[in-house]
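Chemist: Our numbering puts the first residue of the sequence shown at 207, with every later residue one more than the last. Think of the CB as a built atom: it goes at the ideal place given N, C-alpha and C, for glycine as much as any other residue. This is the structure, below, for whatever I ask next.
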Amino acid sequence: MANSSGPNEYARGWNGEVTMSSVKNSEPHTCAPPVGLPPMEIHATWDKEAGTLVATTRANCNIAMAATDELMSTGKIPGPMDTFISALAGCLVHEIIDVMINTDKIDVKDINVSVHGVRRPTPPTLFDTLHVTLTLTGKIDNDYAEKVIRDIMTRKCPVAATFGRASYLTWEHIILTSRI
């Protein structure tokens, strides 16, 4: 008994164990990617000796993360969930720079992002809630910042939009007036 779902096929063996094998689906794909966006690709390699996983992007940038509970508990290297929510912070900073600084020419002196997430206690330990605090330093109008940040959190940042669909995502912003 096999169920086809895209390029992978899941099958239940005689002992009830679920296995997965790569199978090309000959049916036409109905969800074509938007024009202009390149596909995302990561190649990951496990370093058994170090207990790490190194993910390599298409641009040959390496992202190291802990692959074992023991290494994650040391706090010396981030685990997969740490890098997952770091992507949220990185995407938000990228979009703030793009909109406020590059497009609207706002004099933002500093950007700090804090993310607090609560995960479910049982597998899969998804994020139930995430709260983002954005602290911006500069001469920034509060109403303007509120409007731009709402647009970034709900539309422009794909990481935030993804988290927003999968969990309860809230945010706030703080503006510190620049003295310089």
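#1: Could you name each continuous beta strand (DSSP E) segment of 3 residues or more that falls completely within the segment 274–311, going from the start of the chain to the end?
#2: Which residues does DSSP pair with F333 in a beta bridge?
#3: Could you pull the DSSP bridge partners for L375 from this structure?
#4: Once the 5 residues before and after L298 are set aside, which same chain residues still bring their CB inside 6 Å of it?
#5: Alpha carbon to alpha carbon, how far is K353 from T343? Give it in angstroms, no decimals.
#6: Leaving aside the five residues before and after M306 along the sequence, list all residues of the same chain whose C-beta is less than 7 Å from its C-beta, in chain order.
#7: Identify whether N231 lies in helix, strand or coil by the three-state DSSP scheme.
#8: Determine the burial state of E247: buried for a count of at least 16 other Cβ atoms within 10 Å of its Cβ, exposed for fewer.
#9: Closer than 8 Å is the cut-off here; do at least three beta carbon pairs connect the segment 255–274 with the segment 336–350?
#10: Helix, strand or coil: how does DSSP classify T368 here?
#11: Is L375 buried or exposed, if buried means 16 or more other CB atoms sit within 10 Å of its CB?
#12: Give the range of the beta strand (DSSP E) segment to which N268 is assigned.
#13: Have a look at T262 and T360 and give me their C-alpha separation to the nearest angstrom.
#14: Nearest by alpha-carbon distance to T383: which of N268, I317, T280 is it?
#15: Put V241 into one of helix, strand or coil per three-state DSSP.
#16: On the criterion of 16 or more Cβ atoms from any shown chain inside 10 Å, does A351 qualify as buried, or is it exposed?
Modeler: The short version:
#1: none
#2: R325
#3: L336
#4: V319, C363
#5: 17 Å
#6: I312, V314, V354
#7: Legend: pLDDT at N231 = 47, less than 50; position of this residue unreliable, no value from coordinates given.
#8: exposed
#9: no
#10: helix
#11: buried
#12: 268–272
#13: 28 Å
#14: I317
#15: coil
#16: buried
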